[in-house]
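Letter 105 of the sequence shown, counting from 1, is numbered 142 in the working numbering, and no numbers are missing.
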Amino acid sequence: MRSRSRNDDEKLQRRNSILKAARKIILSKGYEKTTMDDIARAAQLSRGLLYVYFKDKDDIQMGLSVIAGETLFQRMQQALATTGTGIEAINALGEAYYQFYLQDHDHFQCLCMRMGMVNPKPANQENPTSTLLEMMAVEDKLMALMSSAVEQGLEDGTIDPDKVESPLQTAMFLRGSLHGVIMLQDSAGSSLFDRTALDREELIRYAMRIASDELRAKPRRSTMPE
């Protein structure tokens, strides 16, 4: 495997600079209203040079998702370092996702674009770009991390096996349900919270508690006669 050259480093730096400029303008104008010309101007590049680094606007958006996904993955890994059991890991991953939403909202929004919330167009998996392959790899390792927490809980007895048909299915449900509640209470979402006494943060924490309690293995009652 060859070592990275100075030219490689310069290309990576330029690519990251494009993505940084693109993230700022896409989050400001919206994905649909942003053009490649807008991104080229923001990155201080010619339109032609922009296409050297990215196939199209969707390729750029996937690049933003890769960075966002890696950021979330690092947060989740750090959260797992403080846990001991599978159910603790599930709780820590949920908290990490919520803090990602609160503390790194720009990256959270970029990730939403690939989760059906602001999905620009289906990715071409028959002829994938390197960016698409990177994005799929990040998605896979995020779900693998969550699935491993479920598997750990099944092994250490803190998660009820009757509630899990497949660790991946359970992990997908946990992520999807928490994401849905977060988006429901987001300031850009339902106005119901502005008309009622519902507390946004308490709803999210309630959702996490419900999911955790549903999966948690219950103490077995003794069947031995007294």
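Ideal placement from N, C-alpha and C gives every residue a C-beta, glycine not left out.
Have a look at residue i and residue j and give me their C-alpha separation to the nearest angstrom.
i      : j      : result
Ala248 : Gly190 : 14 Å
Ala79  : Asp45  : 23 Å
Phe210 : Glu202 : 12 Å
Ile124 : Tyr138 : 22 Å
Lys200 : Glu251 : 8 Å
Gly106 : Glu176 : 7 Å
Ser102 : Ala59  : 12 Å
Thr72  : Leu170 : 23 Å
Phe230 : Ser224 : 9 Å
Arg51  : Gly100 : 13 Å
Thr207 : Ser83  : 46 Å
Thr120 : Ala186 : 10 Å
Gly217 : Val89  : 37 Å
Asn53  : Ser228 : 36 Å
Leu64  : Ile241 : 24 Å
Asp197 : Ala234 : 34 Å
Tyr135 : Ile219 : 8 Å
Ser70  : Ala77  : Note on identity: in this sequence residue 70 is Lys, with Ser being the wrong assignment. If you take the alpha carbons of Lys70 and Ala77, they lie about 14 Å apart.
Ala133 : Thr122 : 16 Å
Lys57  : Arg232 : 37 Å
Glu239 : Tyr68  : 31 Å
Glu163 : Lys48  : 26 Å
CB residue i to CB residue j, shorter than 8 Å?
i      : j      : result
His144 : Thr108 : yes
Pro204 : Glu192 : no
Leu87  : Ile62  : no
Ala118 : Thr195 : no
Met150 : Gln98  : yes
Asp74  : Lys66  : no
Leu215 : Met173 : no
Gln222 : Arg237 : yes
Does DSSP classify residue i as helix, strand or coil?
i      : result
Tyr68  : coil
Ala79  : helix
Met150 : coil
Asn164 : coil
Ser54  : helix
Phe91  : coil
Three or more C-beta pairs below 8 Å linking the region 111–125 and the region 176–188: Yes, the region 111–125 touches the region 176–188.
The region 76–94 / the region 117–135 touching (three or more Cβ pairs under 8 Å): Flag = no, the region 76–94 and the region 117–135 do not touch.
Length at least 4, wholly inside the region 168–254: the alpha helix (DSSP H) runs in chain order: Scanning the region 168–254 from its first residue to its last, the whole alpha helix (DSSP H) runs of 4-plus residues come out as 204–222, 229–232, 237–252.
Whole runs of the alpha helix (DSSP H) within the region 93–143, excluding any shorter than 4 residues: Counting only runs of 4 or more, we get 94–117, 123–140.
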